[in-house]
Amino acid sequence: MKEYLADLIRNAAAELEYLKDINPVFSVPNNEDHGDFSTNLAMTLTKKLKKSPRDIASEIIGALKYDESVVEKIEIAGPGFINFYIAADNFSSIVTDILDKDKEFGRTYKYKGKTAIVEFVSANPTGPLTVGHGRNAVIGDTVANMLEWVGYDVDREYYFNNAGRQMRVLGNSVKIRCEQLLGSDVEFPDDHYQGEYIKDIAAALVKEHGEDTLKLDDKVFKDRAEKEIFADIEKTLGNLNIKMKNFFNENTLYEEGKIDDVLNKFKSKGLSYEKDGAVWFKLTELGNEMDKVIVKSTGEPTYRLPDIAYHITKFNRNYDLIVDLFGSDHSATYPDVLAGVKALGYNTDQVKVLIHQFVTIMQGGDVVKMSTRKANFITIDELIDEVGKDVVRYFFIMRSINTHLNFDLDIAKKQSDENPVFYLQYAHARICSILRMTDGEGLKLSTDNLNLLTTDAEQRLLKKLGQFGEEMLLSIENFEPQKIANFLEDLAALFHKFYNDCRIIGSDKDLAEARIALAVAVRTVMRNGLGILGLSAPEKM
RNA sequence: GCCCACGUAGCUCAGCAGGAUAGAGCAACAGUUUCCUAAACUGUAGGUCACAGGUUCGAAUCCUGUCGUGGGCACCA
């Protein structure tokens with residue numbers, strides 16, 4: 000429709016010279032009194048033409064040759080907007096289109112043939128995934144879904160490191176629990192992992208090895224903990240319907256010499272130097288503020304080196320789009336890493352770094368501080384048990400990733416009617432219910448009389464449905480999952496209003512069958528949208 | 001001190017590729033059911049879009065500064 004209007008204006012260039020080579024922008028006005036589409040074209044031309052915007056608008060309208068069965072009327076409004084009112088008949092065809100395309104409706108293949116990798120979660124295996132990790136997990140998976148929706152072939156990847164100090168502390172935590180189980184009164188250090196899960200792992204080891212447990216190599220405790228915790232993490236992700244394609248172990252970068260490769264390249268390019276027994280990365284030469292250490296005087300690399308090497312593997316795996324997702328606590332690390340990758344000749348334009356702000360957990364009106372080490376946390380699994388997977392997912396994507404998210408456990412756990420997810424799902428369930436009823440009445444779906452859908456509620460619903468594809472593409476290209484949620488909330492609201500205003504059973508047969516077609520179209524769009532968000536579309540509630 | 005994000009109704013937040021009278025949910029108040037699920041719908045009330053400048057025909061939206069909140073500024077990741 001926008002294309003049609005743009006053509007109208009381009010064709011008018013024959014009469015009005017200044018419309019040549021112009022690309023008019025159309026928007027849907029917030030206020031319905033302002034028509035179906037609106038353009039600010041006249042106002043943008045005031046300077047060039049030195050005329051009042053309303054005069055220009057009236058000149059343009061005079062030059063437009065349009066079909067009155069499509070455009071009902073055109074008006075000048077406010078400071079100089081040109082508002083287009085589309086004849087009612089032109090919106091109902093969307094229903095046929097939706098029924099036709101069904102699961103494919105609203106999808107584009109704009110990026111067909113392109114590949115993407117989305118790296119997310121990437122928590123080191125020191126404990127169960129907590130509510131704090133939840134936002135990252137859900138946003139990452141949803142972004143991956145979104146990219147798939149526009150044609151990308153997407154790999155979901157989890158990057159972890161099982162070497163560093165934290166992992167040694169983890170292994171030692173298990174070992175000390177074993178000692179305690181075997182009767183030693185050794186004290187458990189404050190800075191070790193306090194969680195119950197450590198005791199469980201220790202108990203399993205003691206059960207298998209008895210008194211010999213303490214003769215085991217230190218590595219065994221760490222490896223066992225890592226294995227059990229990872230199994231747990233994968234299970235948790237599964238509970239959220241998240242399936243990783245790959246778990247990438249930082250260690251492989253060492254084993255395959257990737258770390259040395261980077262180090263050598265830096266050296267040969269003169270991008271590193273030695274000082275105080277450490278190797279420094281010359282970031283100042285690349286325009287950053289200060290140089291940073293990449294290899295400590297102990298010989299161990301800092302995170303920067305493996306991170307750079309890791310990103311290079313992403314480039315070498317030939318992804319067209321590389322998405323990294325992490326919390327704001329890591330926001331300072333990525334510029335160094337990108338600078339390193341860029342310095343080695345890779346095009347960082349294809350890297351999209353998404354940073355989400357923190358989640359503040361509220362309970363009883365207070366902020367809950369969480370720490371994996373102190374075992375003071377709420378796990379995602381606990382949350383799912385309380386409120387279900389859909390609520391958890393929805394809470395994490397319903398807000399812009401740039402804002403701090405307040406997760407009020409009391410509300411999340413409370414009566415479901417405070418949760419907006421149910422509002423969406425109820426719209427879907429309601430439609431299913433209607434269809435069960437109309438089926439019993441012998442009413443069938445028919446697209447023969449869609450022109451009967453003329454009430455306010457019906458027209459608004461039709462217009463909304465027509466915006467689905469464009470809105471999806473916009474949210475996806477901007478990496479804004481919350482916009483999909485907003486769209487679906489609007490659609491659900493319009494449907495609920497339609498439900499209250501327009502009855503199906505009891506209406507004239509032609510009208511009833513057209514309304515069934517509309518309802519099914521809404522259901523299809525709702526289902527497609529919920530699918531992208533990874534939410535279920537229940538038939539009954 | 002420096003860097004990033006945020007500041008919109010009592011609360012939680014949309015809106016921000018500039019656009020017309022700034023929206024929703026919750027909370028408050030008043031209504032709607034012999035009728036396809038009331039997990040719904042309708043209405044009332046509630047605003048100095050943190051503050052101050054600037055750009056613009058036009059600013060919640062862009063720019064600068066101030067204040068406030070969160071996160072970061074390691075030879076931790």
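In this text, residue positions in the first sequence follow numbering that gives the first Met the number 0: the first is 0, and each later residue adds one. No residue lacks a Cβ here, since even glycine has one placed at the ideal position from N, Cα and C.
Per-residue burial, residue i [other beta carbons within 10 Å of its own, 16 or more giving buried]
i      : result
Asp394 : Before going further, note that residue 394 is Phe rather than Asp in the sequence given. With 16 or more Cβ atoms within 10 Å of its Cβ, Phe394 is classed as buried.
Gly61  : exposed
Thr297 : exposed
Asn527 : buried
Tyr17  : exposed
Lys443 : exposed
Gln504 : Gln is not the amino acid found at residue 504; the sequence shown has Ile there. Ile504 should be labelled exposed.
Thr212 : buried
Tyr604 : No statement about residue 604 is possible, as the shown extent of the chain runs from 0 to 540 and does not include it.
Met436 : exposed
His427 : buried
Arg502 : exposed
Val185 : exposed
Asn22  : exposed
Thr378 : buried
Val366 : exposed
Glu207 : exposed
Thr523 : buried
Met525 : buried
Ser540 : Inspection of the sequence shows that residue 540 is occupied by Met rather than by Ser. That one is exposed.
Asp20  : exposed
Sheet register partners of residue i (DSSP bridge)
i      : result
Gly378 : Reading off the sequence shown, one finds Thr at residue 378, where the question assumed Gly. The partner list for Thr378 (beta bridge, DSSP) reads Thr129.
Gly326 : His355
Asn82  : Ser37, Glu74
Tyr404 : First, the residue type needs correcting, since residue 404 is Leu and not Tyr in the sequence shown. DSSP output for Leu404 lists Val358 as bridge partner(s).
Ala277 : Lys274
Tyr157 : Phe246
Val292 : Trp279
Pro300 : Val294
Leu320 : Ala115
Ser92  : Looking at the DSSP assignment, Ser92 forms no beta bridge with any residue, so it has no partner.
Asp563 : No information on residue 563 is available, as it lies outside the stretch 0 to 540 that the chain covers here.
Asp365 : Gln362
Tyr370 : Residue identity check: residue 370 is Ser in the sequence provided, not Tyr. Paired residue(s): Asn375.
Val542 : The shown model of the chain, from 0 to 540, leaves out residue 542, and the question about it has no answer.
Cβ distance (whole Å) where residue i is taken to contact residue j below 8 Å
i      : j      : result
Ser91  : Leu434 : The Cβ separation is near 19 Å, so there is no contact.
Val521 : Phe494 : 5 Å
Ala87  : Thr453 : 6 Å
Phe119 : Phe83  : Not confirmed; about 43 Å, so no contact.
Phe159 : Glu249 : 7 Å
Leu408 : Met369 : Between Met369 and Leu408 the Cβ distance is about 12 Å, and since that is not below 8 Å, they are no contact.
Arg392 : Gly533 : 5 Å
Lys482 : Glu470 : 7 Å
Asn10  : Lys64  : 7 Å
Phe404 : Arg53  : The sequence shown places Leu at residue 404, rather than the Phe named in the question. Actually they are not in contact, since the Cβ atoms of Leu404 and Arg53 sit about 45 Å apart, beyond 8 Å.
Asn238 : Asp380 : 6 Å
Ala136 : Val117 : With 8 Å as the limit, Ala136 and Val117 do not qualify as a contact, their Cβ atoms being about 11 Å apart.
Residue i: CB within 8 Å of a non-hydrogen atom of the ligand GTP
i      : result
Val173 : Ligands displayed in this structure: none; no statement on the ligand GTP is therefore possible.
Is there contact here, the segment 483-493 with the segment 123-133, by at least three beta-carbon pairs under 8 Å? With the rule of 3 Cβ pairs closer than 8 Å, the segment 483-493 does not count as touching the segment 123-133.
Between the segment 347-367 and the segment 105-114, can you find at least three pairs of beta-carbon atoms closer than 8 Å? In short, these stretches do not touch, since the Cβ pair count stays below three.
Assess contact between the segment 260-279 and the segment 340-352, defined as three or more Cβ pairs (one per stretch) separated by less than 8 Å. Is contact present? For the pair of segments examined, the segment 260-279 was found to touch the segment 340-352: the number of CB pairs separated by less than 8 Å reaches three.
Are there three or more Cβ pairs, one per stretch, closer than 8 Å when the segment 177-197 is compared with the segment 357-373? With contact defined as three or more Cβ pairs closer than 8 Å, the segment 177-197 and the segment 357-373 are in contact.
Alpha helix (DSSP H) segments (min. 4 residues) lying fully within the segment 231-273: Unbroken alpha helix (DSSP H) runs of no fewer than 4 residues, entirely contained in the segment 231-273, are found at 250-254, 257-267, following chain order.
Report yes or no: do the segment 172-179 and the segment 194-212 share at least 3 C-beta pairs separated by less than 8 Å? At 8 Å Cβ cutoff, the stretches touch.
Counting only runs of 3+ residues fully inside the segment 10-70, write out the beta strand (DSSP E) ranges in chain order. 36-38, all fully within the segment 10-70.
Is the segment 284-293 touching the segment 324-333 in the sense that three or more CB pairs, one from each, lie closer than 8 Å? Result no; under three Cβ-Cβ pairs closer than 8 Å.
Decide yes or no for the touch test of the segment 146-157 against the segment 244-254: beta carbon pairs closer than 8 Å, at least 3 of them. Contact between the segment 146-157 and the segment 244-254 is established, with three or more Cβ pairs separated by less than 8 Å.
Pairing CB atoms from the segment 92-105 with CB atoms from the segment 305-317, are three or more of them under 8 Å? The segment 92-105 and the segment 305-317 do not touch, with fewer than 3 CB-CB distances between them shorter than 8 Å.
Go through the segment 446-516 residue by residue and report every complete run of the alpha helix (DSSP H) that reaches 4 residues or more, in order. Qualifying alpha helix (DSSP H) stretches, in chain order: 455-465, 467-476, 480-500.
Contact between the segment 220-232 and the segment 162-170 is defined here as three or more beta-carbon pairs at a separation below 8 Å; is this criterion met? With the cut-off at 8 Å, the segment 220-232 and the segment 162-170 touch.
Do the segment 65-82 and the segment 39-55 meet, that is, are 3 or more Cβ pairs less than 8 Å apart? Result yes; three or more Cβ-Cβ pairs closer than 8 Å.
Any contact of the segment 58-72 with the segment 3-12, i.e. 3+ C-beta pairs under 8 Å? Flag = yes, the segment 58-72 and the segment 3-12 touch.
At 4 residues or longer, what runs of the alpha helix (DSSP H) sit wholly inside the segment 175-217? You should have 195-208.
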